[in-house]
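What follows is a set of notes on a single structure, which appears directly below.
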Amino acid sequence: MSNSGQLNNLSLASRIGGKLEKKDVLLAVEKYEKYHAAYEGEEEDRKANYTDLVNKYYDLATSFYEFGWGDSFHNAPRWKGETIRESIKRHQHFLALQLGLKPGQKVLDVGCGIGGPLREISRFTLTSVTGVNNNEYQISRGKYGCYKEIYRVLKPGHYFAAYEWCTTDSFNPNNREHQKIKADIEIGDGLPDIRTTGKCLEALKQADFELIWEKDIALDSPLPWYLPLDKNHFSLTNFPATSVGRFVTRNMVRILEFVGLAPKGSQRVQIFLEQAADGLAEGGRRGIFTPMYFFVARKPLSEDH
236 MSNSGQLNNL SLASRIGGKL EKKDVLLAVE KYEKYHAAYE GEEEDRKANY
286 TDLVNKYYDL ATSFYEFGWG DSFHNAPRWK GETIRESIKR HQHFLALQLG
336 LKPGQKVLDV GCGIGGPLRE ISRFTLTSVT GVNNNEYQIS RGKYGCYKEI
386 YRVLKPGHYF AAYEWCTTDS FNPNNREHQK IKADIEIGDG LPDIRTTGKC
436 LEALKQADFE LIWEKDIALD SPLPWYLPLD KNHFSLTNFP ATSVGRFVTR
486 NMVRILEFVG LAPKGSQRVQ IFLEQAADGL AEGGRRGIFT PMYFFVARKP
536 LSEDH
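Everything in the sequence shown is counted per the working numbering, starting at 236 for the first residue and increasing by one.
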């Protein structure tokens, strides 16, 4: 993706590991890997240690995300003739419009990453957007706890909109190939588990929100949402994700790690991020996973709704 916010090769090397000391990166990688099923980790352990899992993931992966995606780490439906960056910006505007944001309003962005979408929505709507980053703030475990906390801080009559990464109705939990795809996404994207769309709606209602509307936005995309992640789809604008681009990045990281510019463990981070991209692309291709399950909900004006 061509984006002025992307890192160059040396910046990538210097930032791998985030706030971790270079000598601690390899140990963090090993601890992170042990949380996941591919390394015989248990789901309950991932949930019980959710904050540690997520913090380790983003410390390790953020620089790679920024290298490949710029400052907005999310997918978007893409129209023909539209660049990836244009589709992401348009999608951020869509989200703002669904919330009906007006100049001067205060907005809370829960899970704001490094703030790319936050800044764009603030500019687009002339609102004041405050970001809360999962890497610094311990959100209650589970969808219900998260939604309930958002419900608590939201004013009555105001709206909550979100995208969730979900398995679709086509996902078969007893299918080994489906299980592997899900596990690849989880380890490569710092997720303790991926819930179904139905479970997300159930948690939303348990938190006392009124559901306004919901839809898998990925279904409306003229171009497959996973195309930028498909290593077999060659694109100069998203070169790092292609097979050739991955080869170049992998060897660049190997060299930087060998000469000491990148911390030990950097190659392993690159490997599980590639694993995630393959899982996302295959999950999207088979229709068993969506990164764009969208809903708009409202906090009722009265508590006894």
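From the three backbone atoms N, C-alpha and C, an ideal C-beta is built for every residue, glycine too. Values in this document were obtained by computation on a predicted structure and should not be read as measured data.
query, result
"Residue span of the alpha helix (DSSP H) that contains tyrosine 267, given as start and end", "260 to 269"
"Residues that DSSP places opposite arginine 533 in a beta bridge", "Tyr394 and Glu445"
"The stretch 342 to 362 touching the stretch 492 to 499, judged by at least three CB pairs closer than 8 Å", "no"
"DSSP-derived helix/strand/coil call for leucine 343", "strand"
"Nearest-angstrom Cα separation, counted from phenylalanine 524 out to threonine 403", "5 Å"
"Exposure label - proline 220; buried when at least 16 CB within 10 Å", "Because the chain in this structure spans residues 236 to 540, residue 220 falls outside the shown range and cannot be described."
"DSSP-derived helix/strand/coil call for serine 232", "Absent from the structure is residue 232, since the part of the chain shown begins at 236 and ends at 540."
"For glycine 480, three-class secondary structure by DSSP", "helix"
"Helix, strand or coil at lysine 315 [DSSP, three-state]", "coil"
"Separation of serine 501 from valine 541, as counted between CA atoms", "Nothing in the structure corresponds to residue 541, since the chain is present only between 236 and 540."
"N- and C-terminal bounds of the alpha helix (DSSP H) containing glycine 514", "501 to 521"
"Presumed contact (8 Å Cβ cut-off) between leucine 446 and leucine 436, rounded CB distance", "7 Å"
"Nearest-angstrom Cα separation, counted from serine 478 out to lysine 534", "46 Å"
"Alpha-carbon to alpha-carbon, aspartate 259 and histidine 393", "44 Å"
"Alpha-carbon spacing of tyrosine 372 relative to glycine 433, whole angstroms", "Any reading at tyrosine 372 must be qualified, since the residue scores a pLDDT of 33, below 50, and its modelled position is unreliable; the value itself is stated next. Approximately 27 Å between the Cα atoms of the pair."
"First and last residue of the uninterrupted beta strand (DSSP E) at threonine 365", "363 to 367"
"Distance between aspartate 294 and glycine 514 (C-alpha atoms, nearest Å)", "21 Å"
"Presumed contact (8 Å Cβ cut-off) between valine 264 and arginine 503, rounded CB distance", "5 Å"
"Residue interval of the alpha helix (DSSP H) (run including phenylalanine 474)", "Element bounds for phenylalanine 474: n/a, residue is neither H nor E."
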